[in-house]
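Peer 1:
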Amino acid sequence: MIAAPFHLAGERLLLDPSGAVFWPSRQLLAVSDLHLEKGSHFASRGRFVPPYDTRETLGRLQPLLRRYTPDRIVFLGDSFHDAGGAGRMHESDRATLLHLLGNRLVTWVLGNHDPVGPDGLPGEAVEELHDGPFTFRHIGVPGKDSGFELSGHFHPKASLPTRCGPVTRPCFLADARRVMLPAFGAYTGGLEITAQPIAALFPRGGRAFLLGRDRLYSAAVGPMKHLAAMTGTATASLQTS
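The opening position of the sequence shown corresponds to residue 19 in the working numbering, with each subsequent residue numbered one higher.
1) Go to P188, then tell me how far its beta strand (DSSP E) extends in each direction, as first and last residue.
2) Considering only C-alpha positions, which residue in the set G158, D193, D137, L115 is nearest to R222?
3) Going along the chain, which unbroken runs of the alpha helix (DSSP H) with 4 or more residues stay wholly within the segment 91 to 154?
4) Taking Cβ to Cβ, would you say T75 is nearer than 8 Å to L52?
5) Tell me the DSSP secondary structure of P160 in three-state form.
6) Determine whether the beta carbon atoms of V197 and L168 lie at a separation below 8 Å.
7) State buried or exposed for A246, treating a residue as buried only when at least 16 other CB atoms are found within 10 Å of its CB.
8) Helix, strand or coil, according to DSSP, for S43 in the structure here?
9) By the three-class DSSP mapping on this structure, what secondary structure does Y86 have?
10) Using the DSSP secondary-structure output, state which residues sit across from A22 in a beta bridge.
11) What is the DSSP secondary structure of S169, reduced to helix, strand or coil?
12) Looking only at its chain, what residues have a beta carbon closer than 8 Å to the beta carbon of E145, apart from the 5 residues adjacent to it on each side?
Listed below in structure tokens is the structure:
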């Protein structure tokens, strides 16, 4: 795995191809939108899907923790698909998660799917986390008043042209004030970065980092100009580099 360095507010961040961000000077790892127990949530409503999303997502988290050995983990909201998700975890999955968290400092940033902290799991639950120049929050806040932020929520994805046609992948989206993380969970979709809710946070464009198997693929994103409010869409240009 080859992480891409990205400098924000004078700090060096590492954007990992898994979709996580590592902040070396704080030994902090941030991941967003795990949506654990989404499968069991659907099953409780009669929509039966394979109940292995939690296990697969935790399996993705494990090598990250081995690679970076962070002192702190920050979950940027929607860690569970609903407020009761932690209580539905299989005993083996709960044991795996507790092992992964270990003695690390754990922060659960609250999201729209998990408005309360996970029951029976270690760590603090907060609306936002402020550390150094950064604010860690679930949903990005437009404008300069947001400070320098790391956020998730929108599950950003982008498309790049190739000889065989466009390839669409989850991505980071970043500019001089913010980094938006892709969803980390196994059962999560994506929203095109040209969609109005994302474009509103990046009106001048920025840089997309599409997730690959072992590396990221970087592309410049041109200014996103909002179309009529009725369309709910925006336009942008991607240039590979």
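The C-beta atom is built at its ideal place from N, Cα and C for all residues, glycine as well.
Quantities reported herein were computed from a predicted structural model and do not represent experimental measurements.
Peer 2: In brief:
1) Translated into positions along the sequence shown, residue 188 becomes position 170. Residues 185 to 192.
2) Taking the sequence shown and counting its residues from 1, the one referred to as residue 222 is at position 204. The candidate whose alpha carbon is nearest that of R222 is D193.
3) 103 to 106, 109 to 119
4) Position 57 of the sequence shown holds residue 75. Position 34 of the sequence shown holds residue 52. Going by C-beta atoms, T75 is nearer than 8 Å to L52.
5) As a first step, residue 160 must be located in the sequence shown, where it is residue number 142. Note: P160 maps to coil in three-state DSSP.
6) Start at 1 with the first residue of the sequence shown, and residue 197 comes out as number 179. Start at 1 with the first residue of the sequence shown, and residue 168 comes out as number 150. Yes, the pair counts as a contact, with Cβ atoms nearer than the cut-off.
7) Locating residue 246 in the sequence shown gives position 228, counting from the first residue. Unreliable placement is indicated for A246, whose pLDDT of 27 sits below 50; no coordinate value is reported for it.
8) As a first step, residue 43 must be located in the sequence shown, where it is residue number 25. Three-state result, S43: helix.
9) The residue you call residue 86 lines up with position 68 of the sequence shown. In the structure shown, Y86 sits in a helix (DSSP, three-state: H, G or I).
10) As a first step, residue 22 must be located in the sequence shown, where it is residue number 4. BP columns for A22 point to L33.
11) Working through the sequence shown from its first residue, we reach residue 169 at position 151. Strand at S169.
12) The sequence position of residue 145 within the sequence shown is 127, counting from 1. Same-chain partners within the cutoff: V127, L128, R155.
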